[in-house]
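Participant: Please find one structure pasted underneath; my questions will follow.
Residue numbers (the numbering used here): 4 to 162.
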């Protein structure tokens, strides 16, 4: 059983610049088949933007996603974990802060994400939550995911 975040996290980063539009961020999410992107300036994490943030903090208020910047909607200074943090600590943070995903950072530099699905799939490979997290919506093309466990290659991909 995994003990550390690095053993379970999804390595590789999908990130956007703070001045990117919500449409750019949503297109990256769709292309990567993910529900969130990191907001980064260079290799420094600024925030996290989820599909839910776009919906509730912008679109539901009638904002134009072509003109609204990611930094105006994202969650700034998100709760993060390090690759050498214990998995149990990460799970406690998810519970305490009611989040499903935690950026994994080292020295302020994003390395990947740890999701509730990653944890569930690792603890029980037959876990329905793990299966759901890996499944593609019916009728959508299969999209290869970036990275994998303990694959720390290169800087974040920033649009």
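Glycine included, every Cβ here is placed at the ideal spot set by N, Cα and C.
Computed from a predicted structure; not experimentally measured.
Tell me which residue opens and which closes the beta strand (DSSP E) that residue 88 is part of.
Facilitator: The residue given as residue 88 occupies position 85 in the chain shown. Run containing residue 88: none; DSSP gives neither H nor E here.
Participant: For residue 116, report the span of its beta strand (DSSP E) as first-last.
Facilitator: Walking along the chain shown from the start, residue 116 turns up at place 113. Run containing residue 116: 112-118, per the beta strand (DSSP E) assignment.
Participant: Starting from the C-beta of residue 12, find all residues in its chain whose C-beta is less than 6 Å away, skip the five residues before and the five after it, and write them out in chain order.
Facilitator: Here the question's residue 12 lines up with position 9 in the chain shown. Cβ neighbours of residue 12 beyond the five flanking positions: 107, 115, 117.
Participant: So, residue 51 versus residue 61, is the Cβ gap smaller than 8 Å?
Facilitator: What you label residue 51 is simply residue 48 of the chain shown in a count that begins at 1. What you label residue 61 is simply residue 58 of the chain shown in a count that begins at 1. Cβ atoms of residue 51 and residue 61: not closer than 8 Å.
Participant: Round the Cβ separation of residue 74 and residue 49 to the nearest angstrom and send it over; I've been treating them as touching at under 8 Å.
Facilitator: Position 71 of the chain shown, counted from the first residue, corresponds to residue 74. Position 46 of the chain shown, counted from the first residue, corresponds to residue 49. Residue 74 to residue 49, Cβ: 7 Å. Contact.
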